[in-house]
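See the structure below:
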């Protein structure tokens, strides 16, 4: 028996032809100001397609945590490029120029500043000692950590 129609309504076709068609449509729509507002539908398919791939991971990805550096440096670098190169204010050109520069800044920040600063954490941070808690003698409503002893009406106390 086939599944009900509502189960397959939101299935996305995972097809290389659909990907290429979406890339072409997104590029053409971004170039025309009237159709720019329709390009996110095609870009969403491209992102979903790429996100479902399982590519081999580059060693550079595992060499550090660059997320905080990207968070810190992306906006100022993007704004500096916009100011210094006024002819490059088209968003995708600005993106292509900004991403490698931000990546370099983030990698430098991780390897030369953040990783070394995290080594000093042991001198300043002492983990809290877990307190002993006796669940057998706890009164109803007492809280320990994330759980609470709750009395349920009709149950033995």
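Numbering (the working numbering), first residue to last: 7 to 163.
For each residue, glycine too, the CB sits at the ideal point set by N, CA and C.
Asked                                                                                                           : Found
Neighbour-count burial assignment, residue 35, 16 or more Cβ in a 10 Å radius                                   : buried
Whole-angstrom distance between residue 71 and residue 106, CA atom to CA atom                                  : 16 Å
Burial state of residue 53 (16 or more Cβ within 10 Å)                                                          : exposed
Length of the line joining the Cα atoms of residue 21 and residue 129                                           : 54 Å
Residues near residue 100 by beta carbon distance below 7 Å, same chain, minus five either side                 : 84, 87, 88 and 94
Per-residue burial, residue 73 [other beta carbons within 10 Å of its own, 16 or more giving buried]            : exposed
Residue span of the alpha helix (DSSP H) that contains residue 70, given as start and end                       : Run containing residue 70: none; DSSP gives neither H nor E here.
Beta-carbon spacing of residue 32, residue 49 below 8 Å                                                         : yes
Cβ-based burial, residue 69 [other Cβ within 10 Å; buried from 16]                                              : exposed
Whole-number beta carbon distance between residue 112 and residue 75, since they are thought to touch under 8 Å : 3 Å
Burial state of residue 97, where buried means 16 or more other Cβ atoms lie within 10 Å                        : exposed
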